[in-house]
Amino acid sequence: MDVTPILNQLNSAQEQAVTSDKKHLLVLAGAGSGKTRVLVHRIAWNIQVQNISPYGVLAVTFTNKAAREMRERIDTLLGMSLRGMWVGTFHGLAHRLLKTHWRDAKLPENFQILDSDDQLRLVKRVMRAMDLDEQRWPPKQAQWWINGQKDEGLRAAHIQDSGDPFLATMLSIYRQYEILCEQLAVIDFAELLLRALELWKNNPEVLEHYQQRFGHILVDEFQDTNAVQYAWLRLLAGNTSCITAVGDDDQSIYGWRGAKVENILSFERDFADTQTIKLEQNYRSTSNILSAANAVIAKNAERLGKNLWTQAGEGEPIGLYAAFNEHDESRYIADRLGAWIADGNRRDDAAVLYRSNAQSRVLEAALLQAEIPYRIYGGQRFYERLEIKNALSYLRMMLNCHDDVAFERVVNVPPRGIGERTLEQIRILAREQSASLWNAATTMVSEKRLAARAANAVATFIELINEMSGQLDELALVEQAENAIQRSGLIEMHRREKGERGQARVENLEELVNACRNFEPADSDAPVLPQFLDQVALDAGDRQADQDQDAVQLMTLHSAKGLEFPLVFIAGMEENLFPHKMSIDEPGRLEEERRLAYVGITRAMQKLYLSFAETRSIYGSESFNSISRFVRDIPKQLIEEVRLQNSISRPTTYAAAFNSDEGSATGFQLGQQIRHNIYGEGVILNFEGNGPRARVHVSFEEVGTKILILASANLAAV
Ligand code: ATP
Ligand code: MG
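Just so you know, the sequence shown maps onto residues 893 to 1610 in the numbering used here.
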């Protein structure tokens, strides 16, 4: 048998891993060292050399995209297509099992999957039936709690009621929610996994069938498996199957969703006869990029520790762009991308990564402007996001209360007690009278055709819209937007949500206010709001690249896991943005942010650009954040500050970008006592930016802290 194609292009550690004849294999290695490659080659090795049937192989990856790629790579390696092999995500595989064994899983045959929004709606329904106050018990928090329990493998019946009021309430919501899901024949994402686990636990014959079938189980991105997924793997493996797990503790970035990096540590204990192999050579990135990544991750205390080196040359330095603001940053990125494409490169080969979804809006605008096709991967475009559509619906109602679509969307969002029955009555009247929903609602209220509680709720909504639209002429667009998100209660509703999702929604809403603040109407004499809404409708049109068009990839750092691109930009390298402000004060979360930075940097193969903005309007207000600590952790000799006009130089004021430096290029030092003509005496707290735009933060004795442009502040040493 000619094994050359399979062992070709593997280094000796990789080859050892691919051909290992120990029962289990754990590959623990840093980014770009060929973990996924080993996994793919091991599957090919099993099938071609060990004569394992593809039918006996199960491979699990993190995203559907990764699963598709894996299958293609195996097919290419073997020169044929393997139908019988199971390759998928944990959720996808669980779904497949439940579809096959719905009876044993105690599900109706046609059960439906609930997405996160649908799930929230059900939780609310449960809470309403229980007469729980949503202010006191935010539904999102309950949803988060329920999913957290499921991720740990716990059903309501497993949880002890300790008498704690919070626990007792969550528990009773969980119980009722379980009953409702059962009635409606729906299952949420966390339930998919838990139900699949229970399917096996409760039906030994089904489990045995799969244990016998899957003699070889391979798992990629093992560091991000949660408790249920790990238990599922252990059950399936039983005493007979061979498991290959590959992962990198430094890339564990889903702790906030229940992922347990400890699973890596448990592996050798739980699976006797394991060979552990470390891979240390990185094949993905230039040595400059790799050194930067190594320097950033080195600051984490909780690491298993490994070396990563490359034979690749230094490559280009890491570009660092100090933007004036987020528009400047986006323009710069679009400009660099334009040059790269003009050089004959594929757009697919370039990615722009960011920490927060809200950052995409300005980037999207710059790419549209530069006519560079882009695709947002693993997420929705800004104006398609639920919370943004809601806020825009308020604006549309303010402009035209007869907008039925907007009416339907927000009449009870946030919930103000207008139930489906009331709405149906309004719809019927509107149909009868060929009137708008708004007119029908107004009639119902004035003619007292609704029950008191519903009537009150509808009247409140009508009054709110009337008041806000009454101020249309007096207020600037940005104030109208503020109204739409504040007075409507939209932003408050999302603030009460627990977890990243709610936080992201709040940020997006604030970002919308920003968009309004910066909006420049084409016709300065005409009312602004209609112009803004038209522009948004156009922006939201299908200008995103088609599925198979060559397009620049935009995505959050989280969704970039496992991928690689010749050219990578990471935008928004600022304190409070990245690391995210919610994580800065908690050591554990800060370490997770740092791992995310490591994931981001190691996506780049040839060229990496980092950028930060000296001022940024984000989350609804202007902030002056200093450069991210993750940039400061990169050795300076790896970085080259880039300027527009393609002039690349290491500027004399470079040090000023690094607050850690004593501001030597500015002539002042941190902590130095200075005097200002108007504000009097003060102490220098921070330097920010460089060149003519360099700023200095000064704490003045009389007037508190001010941020001044260094060049024009005329500070004198005292
Ligand atoms: P991540 O941690 O980001 O998931 P990984 O460890 O899974 O990374 P791979 O994606 O498998 O790494 O490999 C990184 C890149 O290096 C890929 O382009 C892969 O084809 C290449 N590569 C890996 N091993 C070798 C090798 N021995 N020879 C040549 N190229 C290799
Ligand atoms: Mg990988």
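In this text, a Cβ means the ideal position worked out from N, Cα and C, and glycines have one as well. Please read these numbers as outputs of a predicted model, since none were measured by experiment.
### Query
Would the beta-carbon of I1268 fall within 8 Å of that of M1019?
For I1268 and M1019, no; Cβs fall outside 8 Å.
### Task
State the Cα-Cα distance for the pair E1339 and I1357, rounded to the nearest angstrom.
If you draw a straight line from the Cα of E1339 to the Cα of I1357, it is about 20 Å long.
### Message
Whole angstroms are fine: how far does the CA of F1461 sit from the CA of G1211?
### Response
Straight-line spacing of the CA atoms in G1211 and F1461 works out to 9 Å.
### Query
Since V1254 and H1219 are thought to touch, with beta carbons under 8 Å apart, how far apart are those beta carbons, to the nearest angstrom?
Taking the Cβ atoms as the reference, V1254 lies roughly 6 Å from H1219, within the contact range of under 8 Å.
### Task
Using 10 angstroms around the beta-carbon of K998, count the other beta-carbons present and answer buried if the total reaches 16, otherwise exposed.
Answer is exposed; the Cβ neighbour count stays below 16.
### Task
Sort K1152, R934, Q1203 by Cα distance to T1136 and report the nearest one.
Ranked by Cα distance from T1136, the first of K1152, R934, Q1203 is R934.
### Query
Hey, out of I1264, Q1167, I1145, E1160, whose CA is closest to A1443's CA?
Distance check between A1443 and each of I1264, Q1167, I1145, E1160 places I1264 closest, using alpha-carbon atoms only.
### Query
Roughly how many whole angstroms lie between the Cα atoms of N1131 and Q1104?
Each residue's alpha carbon lies about 10 Å from the other.
### Query
Does the ligand ATP have a heavy atom nearer than 7 Å to the CB of K927?
Answer for K927: yes, Cβ within range of the ligand ATP.
### Task
In angstroms with no decimal places, state the Cα-to-Cα distance between G1205 and L1530.
Each residue's Cα considered, the two are about 13 Å apart.
### Query
First and last residue of the alpha helix (DSSP H) that includes L1322?
Residue identity check: residue 1322 is Ala in the sequence provided, not Leu. Run containing A1322: 1312-1325, per the alpha helix (DSSP H) assignment.
### Query
Is the closest heavy atom of the ligand ATP to the C-beta of D1140 under 7 Å?
At least one heavy atom of the ligand ATP is nearer than 7 Å to the Cβ of D1140, so yes.
### Query
If you draw a straight line from the alpha carbon of T992 to that of A959, how long is it in whole angstroms?
The straight-line gap separating the alpha-carbon atoms of T992 and A959 is approximately 21 Å.
### Message
Can you tell me which residues form a DSSP beta bridge with V1111?
### Response
DSSP, once it has assigned bridges, lists V952, A1137 as partnering V1111.
### Query
What residue range is occupied by the uninterrupted alpha helix (DSSP H) comprising E1359?
Start and end: 1344-1362.
### Contiguous alpha helix (DSSP H) assignments of at least 4 residues, all confined to the segment 1229-1276
Complete alpha helix (DSSP H) runs here, min 4: 1252-1261.
### Query
What is the residue span of the beta strand (DSSP E) that I1531 lies within?
Under the DSSP assignment, I1531 falls in the beta strand (DSSP E) whose first and last residues are 1531-1533.
### Query
What distance in whole Å lies between the Cβ atoms of L1449 and T861, which are believed to be in contact at a cut-off of 8 Å?
Because the chain here runs from 893 to 1610, residue 861 falls outside it and cannot be looked at.
### Message
Mapping the DSSP letters down to three states, classify A1214 as helix, strand or coil.
### Response
Correct three-state label for A1214: strand.
### Query
First and last residue of the beta strand (DSSP E) that includes V1153?
Taken as a continuous stretch (DSSP letters only), V1153 belongs to no beta strand (DSSP E), as it is neither H nor E.
### Task
Please state whether DSSP places G1433 in a helix, a strand or coil.
Only weak support is given to the placement of G1433: the predicted model assigns it a pLDDT of 49, under 50, and the question is left unresolved by the model.
### Query
Among M1385, P1422, E1374, which one has its Cα closest to the Cα of V1405?
Nearest option by C-alpha distance: E1374.
### Message
The alpha helix (DSSP H) that contains G1492, what's its start and end?
### Response
Per DSSP, G1492 belongs to the alpha helix (DSSP H) from 1479-1493.
### Message
Within 10 Å of its beta-carbon, does W1124 have 16 or more other beta-carbons around it, so buried, or fewer, so exposed?
### Response
Only buried fits W1124, as 16 or more other CB atoms lie within 10 angstroms of its CB.
### Message
Can you tell me whether G1454 sits near the ligand MG, meaning its C-beta is under 7 Å from at least one heavy atom of the ligand?
### Response
Taking non-hydrogen atoms of the ligand MG into account, the C-beta of G1454 is found less than 7 Å away from one of them.
### Task
Report yes if the CB atom of E1399 is closer than 8 Å to the CB atom of S1509, and no otherwise.
Not a contact, by the Cβ cut-off of 8 Å.
### Message
DSSP has G1454 in a bridge; who is on the other side?
### Response
DSSP lists no partner for G1454.
### Query
Got a sec? Which residues, its chain only, sit under 8 Å from N1606 by beta carbon, not counting five neighbours each side?
Cβ neighbours of N1606 beyond the five flanking positions: H1568, N1569.
### Task
With DSSP as the reference, please indicate the residues paired to A890 in a beta bridge.
Residue 890 is absent from the structure shown; the chain starts at 893 and stops at 1610.
### Query
Is the closest heavy atom of the ligand ATP to the C-beta of N1199 under 7 Å?
Result no, Cβ not under 7 Å from the ligand ATP.
#### Entry: N-terminal and C-terminal residue of the beta strand (DSSP E) that K1170 is part of
K1170 -> beta strand (DSSP E) spans 1166-1171.
### Message
Taking the straight line between their C-alpha atoms, what separation do you get for E1366 and Q1372?
### Response
Distance between the alpha carbons of E1366 and Q1372 is about 9 Å.
### Reduced DSSP secondary structure (H/G/I, E/B, other) of H993
Correct three-state label for H993: coil.
### Message
For a test of the three-state rule: what should DSSP assign to V895, helix, strand or coil?
### Response
Three-state result, V895: coil.
### Query
Below 8 Å between beta carbons: does that hold for R1388 and P1057?
For R1388 and P1057, no; Cβs fall outside 8 Å.
### Task
Could you tell me the boundaries of the alpha helix (DSSP H) in which S1338 lies?
That run of the alpha helix (DSSP H) goes 1329-1338.
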